[in-house]
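As structure tokens, the structure follows; a few thoughts come after it.
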Amino acid sequence: MKKIWQKDDLATNILVNNFTVGKDLDFDERLAKYDVKGSMAHCKMLAETGIISNEESEQMLSVLNDILNKIEDGSFEIDKDAEDIHSQIEAILIAELGDTGKKIHTARSRNDQVLLDIKLYLLDEIREITALTDEFFQILIQLADQHKNVLLPGYTHLQIAMPSSFGLWFGAYAEALLDDVEMLFSIKNIINKNPLGSAAGYGSSFPINRESTTYNLGFQSMNYNSVYAQMTRGKSEKLLAMSMATLAGTLGKFAYDVCLYLNQNFDFISFPKEFTTGSSIMPHKKNPDIFELVRARCNRIQSLPNELILLTNNLPSGYHRDVQLTKEILFPAIDSLKECLEILSYTLPNIQVKDGILEDEKYKYLFSVEKINEEVKNGSSFRDAYVKVGQEIENNEFDFELGNLDHTHQGSIGNLCLDKIEYQFNKLKNKLLG
66 MKKIWQKDDL ATNILVNNFT VGKDLDFDER LAKYDVKGSM AHCKMLAETG
116 IISNEESEQM LSVLNDILNK IEDGSFEIDK DAEDIHSQIE AILIAELGDT
166 GKKIHTARSR NDQVLLDIKL YLLDEIREIT ALTDEFFQIL IQLADQHKNV
216 LLPGYTHLQI AMPSSFGLWF GAYAEALLDD VEMLFSIKNI INKNPLGSAA
266 GYGSSFPINR ESTTYNLGFQ SMNYNSVYAQ MTRGKSEKLL AMSMATLAGT
316 LGKFAYDVCL YLNQNFDFIS FPKEFTTGSS IMPHKKNPDI FELVRARCNR
366 IQSLPNELIL LTNNLPSGYH RDVQLTKEIL FPAIDSLKEC LEILSYTLPN
416 IQVKDGILED EKYKYLFSVE KINEEVKNGS SFRDAYVKVG QEIENNEFDF
466 ELGNLDHTHQ GSIGNLCLDK IEYQFNKLKN KLLG
């Protein structure tokens, strides 16, 4: 297929073509429907401003609508001879409409086309990530409430520290997701600005109406400055990668906790055998492969911002072909993050929580602070009580009744504030999905 920038019939060197196209066609299938929707909005605007006739606009919209229907029903195929999806759709318009089809590229560049496609794609992916995060969040909230009275050792420096609970543990990760979604919401607001009409980064001498395409494409605003619109290529991907890395950090930490708590030396939780794997030589093994792979994948996702920074940080303003590589860095990572959320939501409802953990003698010093607090409530200063209890521990005289726990402040074992966390999360989620 002839490239849209070719001015003669001389073909590009095959090796050069393969190197410059790279893996673009592998990812362009994701962008196809957004490219068509962008072309439809652009086509309507061209007619509104009198740059093309209403008849020409209607003809192009009819062909574009047919292409969109094929994309959505799965019958559209990327032409392997095309340079990219943008070239293929323009070629279809020209094949169907002749000279009229050649007018679709008036007042735009492939630069603002791909900017638009990527932004629309990322906004949809943000909605999907939000929906999957919501599913995982609701499971955590339900488990936190269900197991709020089941005690668990708390650790600092990986040494036993103070009493915790499964409610506090599950609830901690629920609230972590609240912050992760808040960051995702901020990134959505930055990405949700229309770049179409910035052309190659310097606007157009045609009297286009960028408000029209902004409205028809559902953006909340536009990138007003044409040069800056072009600068958002790479920046949008980098910002989303940062929010993905933050979310992946939460998932990876949770997965590590699960691996730790499944260990026989901890033995706080278990899963049915169908959620674990075995060993080729050790018949007793029940390995947490799901959670180990979530941890590994999330560690990789957390490297994304650095990779995108290294790709884009030495570029001046204007378009550079370097940014083509952002797709092959970010797009597979989006898939991986969604798969991690899906498998966690599928697996976690099957978790089996152990009761009576703190009855084990080795956990008795978890209650040292409880004993100090009792002394303080009875009139001692904190420092004197600390010394007294410390001496009891050193002399092996420490004792504490497990039933004396009484935590009431917000965010403690006895007051998880799950309703507050859930309210804040749902408020953000609805804005993200709306």
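Numbering-wise, this note's numbering comes out as the position in the sequence shown, counting from 1, plus 65.
The beta carbon of each residue, even a glycine, is placed where N, CA and C say it ideally should be.
Nothing here was measured: the structure is a model prediction, and the numbers come from that model.
- By the 10 Å Cβ neighbour count, where 16 or more other Cβ atoms means buried, how is asparagine 259 classified, buried or exposed? Looking up residue 259 in the sequence shown gives position 194. Classification for asparagine 259: buried.
- Item | Spatial distance of leucine 223 from lysine 392 (CA atoms) | Residue mapping note: residue 223 aligns to position 158 of the sequence shown, counting from 1. Residue mapping note: residue 392 aligns to position 327 of the sequence shown, counting from 1. In a straight line, the C-alpha of leucine 223 is about 40 Å away from that of lysine 392.
- Touching or not, the segment 106–114 and the segment 271–285, by the rule of three or more beta carbon pairs under 8 Å? Touching, per the Cβ criterion.
- Anticipated Cβ contact below 8 Å, glutamate 200 with serine 410, distance rounded: Position 135 of the sequence shown, counted from the first residue, corresponds to residue 200. Position 345 of the sequence shown, counted from the first residue, corresponds to residue 410. About 5 Å separates the CB atoms of glutamate 200 and serine 410; that is less than 8 Å, so the two are in contact.
- Could you check the C-alpha separation between leucine 282 and glycine 236 for me, to the nearest Å? Counting from one through the sequence shown, the residue named residue 282 turns up at place 217. Counting from one through the sequence shown, the residue named residue 236 turns up at place 171. Their backbone Cα atoms lie some 38 Å apart in a straight line.
- Three-state secondary structure (DSSP) at glycine 219? Numbered from its first residue, the sequence shown carries residue 219 at position 154. Correct three-state label for glycine 219: strand.
- Query: Are the Cβ atoms of serine 344 and lysine 351 separated by less than 7 Å?
  - Reply: Residue mapping note: residue 344 aligns to position 279 of the sequence shown, counting from 1. Residue mapping note: residue 351 aligns to position 286 of the sequence shown, counting from 1. No; because the gap between Cβ atoms is not below 7 Å, this pair is not in contact.
- Item | Anticipated Cβ contact below 8 Å, isoleucine 225 with tyrosine 428, distance rounded | Your numbering for residue 225 matches position 160 in the sequence shown. Your numbering for residue 428 matches position 363 in the sequence shown. With a Cβ gap of about 6 Å, isoleucine 225 and tyrosine 428 count as contacting.
- Query: Mapping DSSP to helix, strand and coil, what is methionine 347?
  - Reply: On the sequence shown, residue 347 is found 282 positions in, with the first residue counted as 1. When secondary structure is reduced to three states using DSSP, methionine 347 falls in the coil class, being assigned neither helix nor strand.
- Would serine 382 pass as a contact of methionine 296 if the rule is Cβ separation under 7 Å? Taking the sequence shown and counting its residues from 1, one reaches residue 382 at position 317. Taking the sequence shown and counting its residues from 1, one reaches residue 296 at position 231. It is a contact, given that the beta carbons lie within the stated cut-off.
- Message: Once DSSP output is grouped into helix, strand and coil, what is the label at alanine 147?
- Response: Walking along the sequence shown from the start, residue 147 turns up at place 82. Per DSSP, reduced to three states, the secondary structure at alanine 147 is coil, with no helix or strand assignment.
- When you compare only the Cα positions, how much space is there between threonine 171 and glutamate 155? Translated into positions along the sequence shown, residue 171 becomes position 106. Translated into positions along the sequence shown, residue 155 becomes position 90. Straight through space, the alpha carbons of glutamate 155 and threonine 171 are spaced by roughly 12 Å.
- Message: Considering Cα atoms alone, identify which of Met309, Ala264 and Ala310 is closest to valine 288.
- Response: As a first step, residue 288 must be located in the sequence shown, where it is residue number 223. Per the sequence shown, residue 288 should be read as asparagine rather than valine. For asparagine 288, the nearest C-alpha among the options comes from Ala264.
- Task: Could you have a look at serine 118 and say whether DSSP puts it in helix, strand or coil?
- Result: The residue you call residue 118 lines up with position 53 of the sequence shown. Note: serine 118 maps to coil in three-state DSSP.
- Alpha-carbon to alpha-carbon, proline 353 and tyrosine 384: Stepping through the sequence shown from its first residue, residue 384 is reached at position 319. Stepping through the sequence shown from its first residue, residue 353 is reached at position 288. Taking the straight line from one Cα to the other gives about 46 Å.
- Between the CA atoms of leucine 261 and tyrosine 267 - distance to the nearest angstrom: Locating residue 267 in the sequence shown gives position 202, where the first residue counts as 1. Locating residue 261 in the sequence shown gives position 196, where the first residue counts as 1. Cα-Cα distance, rounded: 12 Å.
- Item | Through-space distance from glutamate 424 to leucine 193, alpha-carbon basis | Mapped onto the sequence shown, residue 193 falls at position 128. Mapped onto the sequence shown, residue 424 falls at position 359. Strictly speaking, residue 193 in this sequence is glutamate, with leucine absent from that position. Taking the Cα positions, glutamate 193 is about 43 Å away from glutamate 424.
- Task: Determine the contact status of lysine 168 and isoleucine 159, defining contact as a CB-CB distance below 7 Å.
- Result: Taking the first residue of the sequence shown as 1, we reach residue 168 at position 103. Taking the first residue of the sequence shown as 1, we reach residue 159 at position 94. In this structure, isoleucine 159 does not lie closer than 7 Å to lysine 168 by Cβ.
- Query: chain C beta carbons: is any one of them nearer than 7 Å to that of phenylalanine 465?
  - Reply: Absent here is chain C; the protein component of the structure consists of one chain.
- Should the segment 131–139 be called in touch with the segment 181–193, which here means at least 3 C-beta pairs below 8 Å? No, because fewer than three Cβ pairs between the segment 131–139 and the segment 181–193 fall closer than 8 Å, the two stretches do not touch.
- Message: Could you pull the DSSP bridge partners for lysine 258 from this structure?
- Response: Taking the sequence shown and counting its residues from 1, one reaches residue 258 at position 193. Ser286, per the DSSP bridge assignment.
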